[in-house]
Amino acid sequence: MSTAAASTTRSLVRFGRAPRVIKHLRKSRRTGLPQPHVNFVTREFAPCRLEDHYHNTLRDNLMYMTYKHEVGVRPPPRQIRLTFDPNDPYTKNRYNPPVGGSQLGKKPAPPCMPENVVRLEKIQIHAMVKEAVANKGNLLGAIMMMRALTGETYQGGGHHAVEGIQIVRGKKSVGGWLRPGVPLGVKVDLRGQSMYDFLGTLVEFVLPRLRDFNGLVLPPQSSSVNTPSAVSGVVSFGLPANAMVFFPQIEVNVDAYPKLTGMHIHFVTNATGQGAQDKARALVSGFQIPFIRR
Amino acid sequence: MLSRTALKSPNARAVSLRRAFATEPATSTSKAVSELPPQSRLKKRRTVIATSVILNRSPILTRTPTLFEQAFYAYQARIRRALHNPFPYDFYFKQGSLLETRFNMEERKRERQAFGPNFVSEDVVDPEKAAADKAAVEQLALQEGEGEELMPRKHAADLSDDFKSLDRRGKRNLYLLLQVEEDGNSVWRFPEGGIEQDDFLHQAAQKDLHAECGSHMDTWMVGRSPIGVYKRSPKSTAEAEQIVFFFKGQIMAGQAQTYGELVKDFAWLTKEEIEKHVEKDYWDGVKDILSDH
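Chains A and B supply the protein sequences, listed in that same order. Using the numbering used here, you'd call the opening residue of the first sequence number 4 and step up by one each time. Using the numbering used here, you'd call the opening residue of the second sequence number 19 and step up by one each time.
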């Protein structure tokens, strides 16, 4: 094979000697870490099994399952009620109310194209720690737990959009309990490789070992299909605190965490419009997350 | 094989179909048919609908990265290692624990691999302790079952060219192809059959699959709409044109059998192998449905 031939001449995965350090790198004033002269952005550093699975198998199947045939151009949406003509000088600055209330849940799905086959955009994990309101030191356990679970750090790999573990603060004042700006939770956005790594761990180590978990419960068939949550293409569920020990990253040193907290997991897909949640569920179940109907 | 016998008499079927969909009273249609001269009725060829299942076995092994990918991944991993944010060792490992010793040894090895042999300086420890640490880590590796021989990535079916095995070519998509007797000569094609009057296309496809390949497999039909269509040109002018609708199926468990009377053999083949087996016309109809991976 050509791999063997290449290894005899020059290895592709080994590197020569590092150059001698003549001048040490400038250190960042904020973090104290050495700063490279140029902005590095690292890409994928290992093959990703679940991503391959998506491109080899899931994408084709999802395209066949969710395809809706349409002939010609779509007609413009029907005007249910007349609005004021904004060009008429008489009604120029008059309040122009949205027609028939919120149209969010009635937005039709975009036409089926090869580019917009449903795919996983990101996984968001978040946890609220109630005790953090009294003492923000209680957040540390949750921060370390997220760090261990995802390996995400602030601007990890040189990506300015990677925010690492973020602290969620209170937004409004709740009488006697919460003030705006009080830290009370943590969240992480996972994209790309780390997203698929987390998904693989969840599906292979955690869900099979949960005692009374048969799958994500689907809403009854009579539930509305026009709610904002049904058209946003997100599948969400939660894990209790006692499920955390099944993550191998946490299992290794459970004793280090004074108190484990549960977490919410959101699978955010690119599906929008009517029927988006069904598409998202089809995608997520392709990654072996079970669903059951009550 | 009811579906096949139903296909044999296209005229009778067509009349009954027309009956089913007619909007005017049945008497007038039968009258219109009887008024036509017999020759024109013969000339008017009817198309016959058939369904076919493209039964797929998804890859069961991960892909081997190409040489370029290997080099790219190694380079990116090296940059990432050089630029990573600080790692809180003391949180994850108890001071002086065996796990910490192992992690440090492995980490030193990885650093040396990425940045060259002189990058990491050896810790100054007495040789007795170093030897004891090494022995302890080796003991731990033995306990955890490291170093066990992995399954080979080439299955025995690959070495013996066993086309019927579902374990062959683990990195590729495989498709079920049948060798059938058609008009005295044997041809390779996907499992196929006609439809009965009340059947939906996707139901007919599943029935035909079982009629030709037996029911000793667990299959799942992907969606209810066809994924492709192929017009089989008639061999003679008297024969009807046939339109084949393809459906995708996934095999979960079990194995195909040569179950139908006309079926002589079956094989699980990759896209390139299918091209060698089927006729040119048929290949042009199906090649875009099959996966290159």
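Just so you know, even glycine gets a beta-carbon here, dropped at the ideal spot from N, CA and C. Please read all numbers here as calculations on a predicted model, not as lab measurements.
Chain-order list of residues whose beta-carbon lies under 7 angstroms from that of residue i (same chain, five-residue window excluded)
i, result
"residue 139 (chain A)", "186"
"residue 270 (chain A)", "123, 126, 237, 238, 283 and 287"
"residue 162 (chain A)", "44"
"residue 63 (chain A)", "none"
"residue 151 (chain A)", "252 and 253"
C-beta atoms of residue i and residue j nearer than 8 angstroms
i, j, result
"residue 196 (chain A)", "residue 51 (chain A)", "yes"
"residue 16 (chain A)", "residue 149 (chain B)", "no"
"residue 184 (chain B)", "residue 286 (chain B)", "yes"
"residue 55 (chain A)", "residue 81 (chain B)", "yes"
"residue 258 (chain B)", "residue 69 (chain B)", "no"
"residue 199 (chain A)", "residue 240 (chain B)", "no"
"residue 295 (chain B)", "residue 195 (chain B)", "yes"
"residue 171 (chain B)", "residue 288 (chain B)", "no"
"residue 18 (chain A)", "residue 94 (chain B)", "no"
"residue 275 (chain A)", "residue 164 (chain A)", "no"
"residue 74 (chain B)", "residue 267 (chain B)", "yes"
"residue 126 (chain B)", "residue 138 (chain B)", "yes"
"residue 25 (chain A)", "residue 128 (chain A)", "no"
"residue 210 (chain B)", "residue 226 (chain B)", "yes"
"residue 203 (chain A)", "residue 53 (chain A)", "yes"
"residue 110 (chain A)", "residue 277 (chain A)", "yes"
"residue 75 (chain A)", "residue 231 (chain A)", "no"
"residue 136 (chain B)", "residue 159 (chain A)", "no"
"residue 117 (chain B)", "residue 111 (chain B)", "yes"
"residue 59 (chain A)", "residue 83 (chain B)", "no"
Supposed contact pair residue j and residue i - C-beta distance, whole angstroms, cut 8 angstroms
i, j, result
"residue 263 (chain B)", "residue 67 (chain B)", "7 angstroms"
"residue 201 (chain A)", "residue 153 (chain A)", "6 angstroms"
"residue 261 (chain B)", "residue 307 (chain B)", "Incorrect: roughly 15 angstroms between the Cβ atoms, too far for contact."
"residue 292 (chain A)", "residue 242 (chain A)", "With a Cβ gap of about 12 angstroms, residue 292 (chain A) and residue 242 (chain A) do not count as contacting."
"residue 148 (chain A)", "residue 260 (chain A)", "6 angstroms"
"residue 304 (chain B)", "residue 248 (chain B)", "6 angstroms"
"residue 134 (chain B)", "residue 20 (chain A)", "5 angstroms"
"residue 193 (chain A)", "residue 166 (chain A)", "Contact doesn't hold; Cβ gap of about 11 angstroms is too wide."
"residue 317 (chain B)", "residue 242 (chain B)", "No information on residue 317 (chain B) is available, as it lies outside the stretch 19 to 311 that chain B covers here."
Residue i burial status per 10 Å Cβ neighbour count (16 or more: buried)
i, result
"residue 167 (chain B)", "exposed"
"residue 106 (chain A)", "exposed"
"residue 190 (chain B)", "buried"
"residue 180 (chain A)", "exposed"
"residue 177 (chain A)", "exposed"
"residue 223 (chain B)", "buried"
"residue 310 (chain B)", "exposed"
"residue 130 (chain B)", "exposed"
Cut-off 6 angstroms between Cβ atoms - residues of its own chain near residue i, not counting five sequence neighbours on either side
i, result
"residue 145 (chain A)", "130, 132, 189 and 264"
"residue 272 (chain B)", "234, 235 and 236"
"residue 280 (chain A)", "233"
"residue 29 (chain A)", "38"
"residue 120 (chain B)", "155"
"residue 221 (chain A)", "294 and 296"
"residue 43 (chain B)", "Note that residue 43 (chain B) has pLDDT 38, beneath the 50 cutoff, so the model's placement of it is unreliable and the number below is only indicative. For residue 43 (chain B), where only same-chain residues beyond five positions count, there are no Cβ hits under 6 angstroms."
"residue 283 (chain B)", "197"
"residue 202 (chain B)", "none"
Nonlocal neighbours in the same chain, by C-beta distance under 8 angstroms from residue i, ignoring five residues either side
i, result
"residue 1 (chain A)", "Outside the shown range of chain A (4 to 297) lies residue 1 (chain A), about which nothing can therefore be said."
"residue 65 (chain A)", "120, 121, 282, 285, 286 and 289"
"residue 27 (chain A)", "37"
"residue 192 (chain B)", "74, 75, 184, 186, 286, 287 and 288"
Subject >> Residues of the segment 248 to 265 of chain A with Cβ closer than 8 angstroms to any Cβ of chain B, in chain order >> reply: 255, 256 and 259
Original post:
Which residues, taken in chain order from the segment 43 to 58 of chain A, show a beta carbon closer than 7 angstroms to some beta carbon of chain B?
Top reply: 43, 45, 46, 47, 48, 49, 50, 52 and 55
Original post:
When you check each C-beta in the segment 241 to 267 of chain B against every C-beta of chain A, which residues fall closer than 8 angstroms?
Top reply: 241, 243, 245 and 266
**OP:** Anything in the segment 86 to 98 of chain B with a Cβ closer than 9 angstroms to a Cβ of chain A? List those residues in chain order, please.
**Re:** 86, 87, 88, 89, 90, 91, 92, 93, 94, 95, 96, 97 and 98
**OP:** Anything in the segment 211 to 239 of chain A with a Cβ closer than 9 angstroms to a Cβ of chain B? List those residues in chain order, please.
**Re:** none
**OP:** For the segment 135 to 153 of chain A, enumerate the residues whose C-beta is nearer than 7 angstroms to any C-beta of chain B, in chain order.
**Re:** 147
Original post:
What residues from the segment 108 to 135 of chain B come within 9 angstroms of chain A, judged by C-beta to C-beta, listed N to C?
Top reply: 109, 110, 111, 112, 117, 131, 132, 133, 134 and 135
Subject >> Contact list for the segment 69 to 87 of chain B against chain A, Cβ threshold 9 angstroms >> reply: 74, 76, 77, 80, 81, 82, 83, 85, 86 and 87
**OP:** Could you name the residues of the segment 281 to 309 of chain B whose beta carbon sits closer than 8 angstroms to any beta carbon of chain A, in the order they occur along the chain?
**Re:** 309
Subject >> Under 9 angstroms (Cβ pairs) to chain B, residues found in the segment 153 to 179 of chain A >> reply: 156, 157, 158, 159, 160, 161 and 167
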